[in-house]
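Read the sequence shown against this note's numbering and you will find it ends at 341, with the numbers running on by one and no gaps.
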Amino acid sequence: MQLSFKRIDLKLRHTFRITRSAEDVAPVVITTIEHDGITGHGEASPSSRYGETIDTVLDFLRGVDLRNFSDPFELEDIIAYVDSLASGNAAAKSAVDIALHDWIGKKLGQPLYKLWGLSKSKTPLTSFTIGIDSPEIITQKISEAEEYPILKIKLGTDSDKEIMNTVRKGTDKPIRVDANEGWKTKEIALERIKWLEQEGVEFIEQPMPANDLSGCAWVRERVNLPLIADENCIRLHDVPKLHEAFDGINIKLMKCGGLREAMQMIHVAKSLDMKIMLGCMIESSVAITAAAHLSPLVDYADLDGNLLITNDPFAGVKVMEGKLLLGDAPGLGVTPKD
Ligand code: MG
4 MQLSFKRIDL KLRHTFRITR SAEDVAPVVI TTIEHDGITG HGEASPSSRY
54 GETIDTVLDF LRGVDLRNFS DPFELEDIIA YVDSLASGNA AAKSAVDIAL
104 HDWIGKKLGQ PLYKLWGLSK SKTPLTSFTI GIDSPEIITQ KISEAEEYPI
154 LKIKLGTDSD KEIMNTVRKG TDKPIRVDAN EGWKTKEIAL ERIKWLEQEG
204 VEFIEQPMPA NDLSGCAWVR ERVNLPLIAD ENCIRLHDVP KLHEAFDGIN
254 IKLMKCGGLR EAMQMIHVAK SLDMKIMLGC MIESSVAITA AAHLSPLVDY
304 ADLDGNLLIT NDPFAGVKVM EGKLLLGDAP GLGVTPKD
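Shown next as structure tokens:
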């Protein structure tokens, strides 16, 4: 088995601004695993919030040696080996996991959702994300997002009310709010959520800093909107302890290390009667399509990373009026554009 990888700089249509950062270019790493004449593709989109950069991904992947494994069907052992190389590095690990899954699907001649017994008719609608911006740009982004029936708005700043007022002048669509840990005290979070309960909001993602779980539990007891854990929910072992403070979790391949663990997180969350959302970083159609194959199992999708870029190197899952449309091609069903 041959693992190779290369960096690609994804260019954003608009500067992507959330409460802690802003970016115009998102560097990612595309992986390929070749074996037996079949090529599987994967992707890593590192996030500094979780301690990864493009250089840590490249360093990690240089240390992955798959020569001791006979083929990608040894998935469980390969993933355990990759996970054991170092802690963290979830995006880099995900790039290996996704490529292995793509290879297996291609080898068996079936799309991943079919191998998992899922129906592509059950994919959810994806939201379309509007980052933090000036009123003029937010208004422009809302009109550009006309075909998407659900919007996700980034808040968690001093100008939350101004942003929401601008949004509500432009649209009456259902809105999901992501505060990205921006409300620093439980009193601020409570005040903002109580106000958002009147604004046609479906749920609130990560209202408070991840290190204040008890604050979040305090808020949850006092509000009516569901609270979804994102920065608090990284890997499988995080899920049970979030049950008291949140109503649901946001799973991202780039946080948990790939499809294998994401599937486990989905089932643990279901067992706890928690809502499940599938999210993403700024990613190409490789990683977005990988997550889309799991999406028939979840309540909410926020798989729009590839819709925010102008130079997607792959074609994969499509979106029509917000609905994620998977094809019938084997594996991920992604094809390089050149
Ligand atoms: Mg989030």
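C-beta atoms are modelled at their ideal positions from N, C-alpha and C, and glycine is treated no differently.
Only a predicted model underlies this, so the values are computations on that prediction, with no experimental measurement involved.
- By the C-beta density criterion, Q5 is exposed, having fewer than 16 other C-beta atoms within 10 angstroms.
- The alpha-carbon of A102 is positioned some 29 angstroms away from that of N183.
- A residue is called buried when at least 16 other Cβ atoms come within 10 angstroms of its Cβ; M268 meets this threshold and is buried.
- Contact between S287 and N309 holds, with the beta-carbon distance rounding to 6 angstroms and staying under 8 angstroms.
- Put simply, the backbone Cα of T35 is about 19 angstroms away from that of H296.
- Looking at the backbone, the Cα of E190 and that of A25 are separated by about 27 angstroms.
- Collapsing the DSSP output to three states places A83 in a helix.
- With a cutoff of 6 angstroms, E194 does not count as near the ligand MG, since its C-beta is closer than that to no heavy atom of the ligand.
- Taking 6 angstroms as the cut-off, the C-beta of D233 counts as close to a heavy atom of the ligand MG.
- M4 carries a coil assignment under DSSP once its states are collapsed to helix, strand and coil.
- In the same chain as I107, and ignoring 5 residues on each side of it, the C-beta atoms closer than 6 angstroms to its own belong to P75, in chain order.
- Between E247 and A220, the gap from beta carbon to beta carbon is short of 7 angstroms.
- Taking all protein chains in view, the Cβ of G336 is crowded by 16 or more other Cβ atoms within 10 Å, so the residue is classified as buried.
- Per DSSP, the continuous alpha helix (DSSP H) segment holding T59 begins and ends at 57-65.
- When beta bridges are read from the DSSP output, P339 appears opposite F317.
- Distance from E208 to N253 at the Cβ level is roughly 6 angstroms; contact confirmed, criterion being Cβ atoms closer than 8 angstroms.
- Taking all protein chains shown into account, E46 has 16 or more neighbouring C-beta atoms within 10 Å of its C-beta and is therefore buried.
- Taking 8 angstroms as the upper bound for CB-CB distance, T126 and P299 are in contact here, some 6 angstroms apart.
- Residue side-chain check: D181 places its Cβ nearer than 6 angstroms to a non-hydrogen atom of the ligand MG.
- In the three-state reduction of the DSSP assignment, S24 falls in the strand class.
- Ranked by Cα distance from D250, the first of V226, N71, L121 is V226.
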